[in-house]
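Going letter by letter, the sequence shown gives residues 1 to 783 in the working numbering. Structure record follows, encoded as structure tokens.
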Amino acid sequence: MERYDPLISGTVDGGAGIDTLQSSSLEGLTIKNIEVLQTSPYTVTGSSAQFESFDKIIGSTDPFSEFFASLAVTDSAHLDLSDELADRRANIWGWNNPSGVDVKTGDGDDIFEGSGVNDIFDGSGGNDFLAGEDGNDKLTGGDGDDQIDGGNGIDTAVFAGNFAEYSLSIDNFDNVVTSALEGTDTLRDVEFAQFADGVYNFDTKTFTLNSTPPDIPLNILETNGATITKTGAELEAYDIIRHSELNPLVAATLVISDSGTVDLSDELGSGSADVTGSSGDDTITTGAGNDTISGGDGADTLNGGAGNDHLHGGTGNDTLNGGDGNDQIFGDGGNDVIKGGAGNDTITDGDVGNFSPDVGLVTEVLDIDAGDGSDVIIVQPFAPLISGTINGGDGFDSLQAPDLRGLTIENIELLDTARFQVAGSSAQFESFDRIVAASTNWFESNPRASLAVTDGAHLDLSDELGDLGAFITGYGSSIDVKAGNGDDEFAGTDGNDIFEGNGGYDVINGGAGIDTAVFSGNFADYMLGVIYDNETHHSVTSMSGQDGEDMLTDVEFARFADGVYEFATQTFTSTNNAPTNIQLSKTALSEDTPIWTTVGLLSAKDADGDALTYTLIDGAGDHFRLKGNRVVTSKALDYETAKSHTIKVAVSDGKVTVEKDITINVLDVNEAPVNQAPIKLAFSRSSISENVAIGTSVGLLSAVDPEGGVVKWRLTDNADGIFKLVGNKIQTKAAIDYESTHSLTFTAEAYDAAGNTTSHDFTLAVKDVFEPMSSSLGHEALI
Numbered sequence: 001m002e003r004y005d006p007l008i009s010g011t012v013d014g015g016a017g018i019d020t021l022q023s024s025s026l027e028g029l030t031i032k033n034i035e036v037l038q039t040s041p042y043t044v045t046g047s048s049a050q051f052e053s054f055d056k057i058i059g060s061t062d063p064f065s066e067f068f069a070s071l072a073v074t075d076s077a078h079l080d081l082s083d084e085l086a087d088r089r090a091n092i093w094g095w096n097n098p099s100g101v102d103v104k105t106g107d108g109d110d111i112f113e114g115s116g117v118n119d120i121f122d123g124s125g126g127n128d129f130l131a132g133e134d135g136n137d138k139l140t141g142g143d144g145d146d147q148i149d150g151g152n153g154i155d156t157a158v159f160a161g162n163f164a165e166y167s168l169s170i171d172n173f174d175n176v177v178t179s180a181l182e183g184t185d186t187l188r189d190v191e192f193a194q195f196a197d198g199v200y201n202f203d204t205k206t207f208t209l210n211s212t213p214p215d216i217p218l219n220i221l222e223t224n225g226a227t228i229t230k231t232g233a234e235l236e237a238y239d240i241i242r243h244s245e246l247n248p249l250v251a252a253t254l255v256i257s258d259s260g261t262v263d264l265s266d267e268l269g270s271g272s273a274d275v276t277g278s279s280g281d282d283t284i285t286t287g288a289g290n291d292t293i294s295g296g297d298g299a300d301t302l303n304g305g306a307g308n309d310h311l312h313g314g315t316g317n318d319t320l321n322g323g324d325g326n327d328q329i330f331g332d333g334g335n336d337v338i339k340g341g342a343g344n345d346t347i348t349d350g351d352v353g354n355f356s357p358d359v360g361l362v363t364e365v366l367d368i369d370a371g372d373g374s375d376v377i378i379v380q381p382f383a384p385l386i387s388g389t390i391n392g393g394d395g396f397d398s399l400q401a402p403d404l405r406g407l408t409i410e411n412i413e414l415l416d417t418a419r420f421q422v423a424g425s426s427a428q429f430e431s432f433d434r435i436v437a438a439s440t441n442w443f444e445s446n447p448r449a450s451l452a453v454t455d456g457a458h459l460d461l462s463d464e465l466g467d468l469g470a471f472i473t474g475y476g477s478s479i480d481v482k483a484g485n486g487d488d489e490f491a492g493t494d495g496n497d498i499f500e501g502n503g504g505y506d507v508i509n510g511g512a513g514i515d516t517a518v519f520s521g522n523f524a525d526y527m528l529g530v531i532y533d534n535e536t537h538h539s540v541t542s543m544s545g546q547d548g549e550d551m552l553t554d555v556e557f558a559r560f561a562d563g564v565y566e567f568a569t570q571t572f573t574s575t576n577n578a579p580t581n582i583q584l585s586k587t588a589l590s591e592d593t594p595i596w597t598t599v600g601l602l603s604a605k606d607a608d609g610d611a612l613t614y615t616l617i618d619g620a621g622d623h624f625r626l627k628g629n630r631v632v633t634s635k636a637l638d639y640e641t642a643k644s645h646t647i648k649v650a651v652s653d654g655k656v657t658v659e660k661d662i663t664i665n666v667l668d669v670n671e672a673p674v675n676q677a678p679i680k681l682a683f684s685r686s687s688i689s690e691n692v693a694i695g696t697s698v699g700l701l702s703a704v705d706p707e708g709g710v711v712k713w714r715l716t717d718n719a720d721g722i723f724k725l726v727g728n729k730i731q732t733k734a735a736i737d738y739e740s741t742h743s744l745t746f747t748a749e750a751y752d753a754a755g756n757t758t759s760h761d762f763t764l765a766v767k768d769v770f771e772p773m774s775s776s777l778g779h780e781a782l783i
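In structure tokens:
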């Protein structure tokens with residue numbers, strides 16, 4: 001395309017096939033389906049987006065031609081030509097570009113000439129020549145022997161390794177930086193060298209660890225509403241990623257084209273992003289904004305960080321970390337590990353079922369830790385095969401799940417049955433503080449929870465349901481359920497079921513088996529009736545209103561506090577009530593309590609008014625005995641040995657005996673401190689002269705008894721018979737000669753009235769004394 005007229009616009013569409021374009025300028029043109037840009041014989045002017053639209057950029061197709069690709073970039077958007085150029089040489093110009101250029105080339109021997117303002121250039125491989133011209137430039141030579149001329153401004157050369165991996169020298173006023181990693185680079189008019197671990201200042205010849213150069217230009221990606229698709233490494237090469245400078249809070253939309261680990265927390269900062277991973281195994285981390293991360297296929301790890309994030313695991317076994325903020329996390333398919341972190345999170349997991357061609361639907365394993373905050377955990381309603389663990393963490397957490405079977409549930413305070421009948425065991429239902437049913441019907445003011453009980457263990461839902469009514473259905477062989485004060489409806493199993501409607505208007509359908517309805521009052525407090533003259537339909541009405549009115553179908557017995565009524569024979573049989581409320585009036589005493597002291601009185605209640613007798617089955621190793629209904633001590637107590645003792649007592653009304661374990665706590669008492677041995681042993685002298693008379697007092701021993709008692713002494717080593725002990729005095733008992741020994745050591749032992757001892761070695765220096773010499777000549781002279 002001949003381009004001598006500067007005012008040309010329009011569209012160039014290559015259509016199908018591999019098409020090549022030659023043009024001196026791309027300005028004003030819309031280019032479609034053109035695979036190759038051939039620049040020779042021009043320097044082609046165009047925008048970053050236009051150059052990146054090609055698959056390949058060449059200088060000439062002539063194999064003997066010396067022409068190489070020559071491009072003039074008209075904008076400051078990041079331009080990565082590493083794929084388009086590959087290992088071909090290129091000349092990049094920043095002519096007349098008022099905003100500066102930001103370009104990365106391939107592995108050829110490239111030439112870069114910057115603009116008059118701040119430029120960013122990365123030469124990748126090859127022996128490159130980089131000229132920053134004016135402005136504060138950031139220049140990366142990459143592999144190869146590069147020449148970097150910063151020009152005017154405060155310029156920085158960038159190196160990939162740590163400072164210690166490079167050697168610095170000066171050659172003809174140029175700075176030379178050499179490494180095995182990136183070759184030998186020659187730097188002129190470059191003020192700083194940035195390494196992976198810090199910055200070197202060529203002016204002061206100093207290296208500063210973990211710092212950044214001043215006035216370094218930033219590599220900024222602005223999406224401006226478009227969806228940007230790049231590799232993880234390409235995205236991490238930016239300093240800042242955002243929608244635009246004018247709309248920094250609008251999410252930047254990014255697609256990561258390859259799998260691997262991508263950490264965009266620094267690039268995004270507090271800005272938001274909508275990030276989609278590849279079909280492989282991705283590890284994606286965003287910043288502190290309100291982000292959306294979609295993992296896609298594969299085993300992904302998504303880290304939302306701070307902010308209110310949306311995480312979508314997609315298929316595969318994913319790890320989803322919400323971090324801080326109120327996050328919405330969707331595990332989707334696969335066996336996912338979900339951690340909500342801090343904040344009030346909403347976590348949804350459990351797919352419609354993982355499908356295997358060999359075995360069909362397979363179990364999905366949940367691993368959810370909601371973390372801090374008041375979280376909502378939702379298990380998808382159409383997930384038939386679920387197992388695993390759901391932990392609500394701290395805070396008031398709620399769970400919506402159609403089936404609790406196979407799940408381990410921890411720290412979940414509220415079960416919301418929503419629109420579903422929730423199946424679970426008695427222990428699972430009793431693990432909640434509250435059970436509710438969120439209504440989706442505006443006309444339903446008081447919706448009822450719907451539960452399917454899967455075992456026959458006693459289930460008391462009076463606290464969990466409160467005044468809320470419930471539909472309770474039995475799965476399995478039998479159920480034993482007590483509801484709250486609402487209007488309940490029970491459907492029994494084919495086995496022997498037990499129902500206690502508590503307050504409210506209750507409907508009980510016993511089904512097959514021998515079923516029993518339970519009422520809290522005495523038989524005389526109720527009115528019984530037959531519905532429609534049907535022998536299997538009965539009404540039981542509490543005249544006090546305590547248990548409300550219940551409608552019974554296929555229920556064989558009604559059990560009251562004082563007996564059992566059989567509907568078939570219409571007879572009431574009084575029953576004995578076992579003693580209840582066994583208590584000890586006092587359950588703590590101090591360790592110094594004397595033997596045979598009364599600990600407390602046993603008491604119990606008997607609804608029938610029968611006389612009660614008490615028996616001590618286990619006296620905790622005979623520490624306690626029973627006298628009548630008095631528990632007394634029978635052995636000395638010691639807090640340091642046992643801080644509590646558990647006794648087992650039995651109470652009988654003559655017909656039924658009930659046992660109970662009662663723990664008696666032992667209270668600590670401040671006891672007298674343990675006697676200590678003497679301390680601060682000392683001797684009044686440190687030396688002795690030779691030739692002192694035998695029996696001479698050498699010095700006095702002294703010590704302190706911590707309890708203030710009298711200290712006595714023993715001499716356990718007398719220095720080979722030199723010394724003896726008299727009271728606390730050390731005396732000589734043999735001659736002392738300096739010429740024989742220059743020091744003497746003895747050992748004394750101090751002891752108190754309790755017999756506690758302390759031993760100490762004392763060493764005395766022996767002083768020399770002048771002794772006149774004797775001579776036969778002298779005596780003869782006197783004679």
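Backbone N, C-alpha and C define an ideal beta-carbon position, used for all residues, glycine too. Please read all numbers here as calculations on a predicted model, not as lab measurements.
Please classify Leu465: does DSSP put it in a helix, a strand, or coil? helix
Just verifying my parser: in three-state terms, what is the DSSP assignment at Phe519? coil
Output the boundary residues of the alpha helix (DSSP H) element that contains Asp460. Not the alpha helix (DSSP H): Asp460 falls in the beta strand (DSSP E), residues His458 to Asp460.
Asp463: which of Ile435, Ala452 and Val453 sits nearest, CA to CA? Ile435
What separation, rounded to the nearest whole angstrom, lies between the Cα atoms of Gly619 and Asp455? 37 Å
According to DSSP, is Glu165 part of a helix, a strand, or is it coil? helix
Assigned exposure category for Gly15 - 16 Cβ within 10 Å defines buried: exposed
Would you say the region 103-119 touches the region 129-137, given that touching needs at least three Cβ pairs under 8 Å? yes
For Met551, list the residues DSSP reports as bridge partners. Val507 and Ser539
List in chain order: all unbroken beta strand (DSSP E) runs of 3+ residues lying wholly within the region 25-79. 29-32, 36-38, 44-46, 56-58 and 69-73
Phe746 and Leu715 - do their beta-carbons sit closer together than 8 Å? yes
Would you identify the three-state DSSP class for Ala16, choosing helix, strand or coil? coil
Have a look at Gly59 and Ser24 and give me their C-alpha separation to the nearest angstrom. 12 Å
Which whole-angstrom value is the C-beta distance of Ala252 and Thr223, which I expect to be below 8 Å? 4 Å
Identify whether Asp525 lies in helix, strand or coil by the three-state DSSP scheme. helix
Considering just the uninterrupted stretch of the alpha helix (DSSP H) at Gln428, what are its terminal residues? Ser426 to Glu430
Paired residues, beta bridge with Thr451 - DSSP: Sequence check: residue 451 is Leu here, not Thr. Answer is Val422 and Ile472, bridged to Leu451.
Measure the alpha-carbon distance for Glu739 versus Glu690 and round it to whole angstroms. 9 Å
Rounded straight-line distance, which links the Cα of Ser477 to that of Val359: Here Val359 scores only 48 on pLDDT, less than 50, and its place in the model is too uncertain to base an answer on.
If you follow the beta strand (DSSP E) that Ser689 is part of, which residue opens it and which one closes it? Ser687 to Ser689
Span of the alpha helix (DSSP H), counted from its first residue to its last, around Glu236: Gly232 to Glu236
The alpha helix (DSSP H) that contains Glu267, what's its start and end? Ser265 to Leu268
Using 8 Å as the threshold, is the region 541-561 in touch with the region 620-634, meaning 3 or more CB pairs across them? no
Where Glu749 and Val704 are concerned, what is the direct C-alpha to C-alpha distance, given to the nearest angstrom? 13 Å
Take the Cβ of Lys482 as the centre, count every other Cβ of all protein chains shown within 10 Å, and call the residue buried at 16 or more, exposed below. buried
If you follow the beta strand (DSSP E) that Asp480 is in, where does it begin and where does it stop? Asp480 to Lys482
The region 589-599 / the region 648-658 touching (three or more Cβ pairs under 8 Å): no
DSSP state of Leu399, grouped into three classes? strand
Since Leu218 and Asp239 should fall inside the 8 Å C-beta cutoff, what is the C-beta to C-beta distance between them, to a whole number of angstroms? 4 Å
Glu84: first and last residue of the uninterrupted alpha helix (DSSP H) it sits in: Ser82 to Leu85
Could you pull the start and end residues of the beta strand (DSSP E) that Asn321 belongs to? Thr319 to Asn321
Less than 8 Å between the beta carbons of Asp83 and Ser48, yes or no? no
Does the distance from the C-beta atom of Ile329 to that of Gly340 stay below 8 Å? yes
Length-filtered (3 minimum) beta strand (DSSP E) runs lying within the region 546-620: 549-553, 557-560, 563-566, 571-574, 580-584, 588-590, 598-605 and 613-618
Residue burial classification, Trp442 (beta-carbon count within 10 angstroms, cutoff 16): Residue placement at Trp442 is poorly supported in this model, since its pLDDT is 47, which falls under 50; the coordinates still yield a value, given next. So Trp442 counts as exposed.
Would you say the beta carbon of Gly343 comes nearer than 7 Å to a heavy atom of the ligand FMN? Questions concerning the ligand FMN fall outside what the structure shown contains, since it holds no ligand whatsoever.
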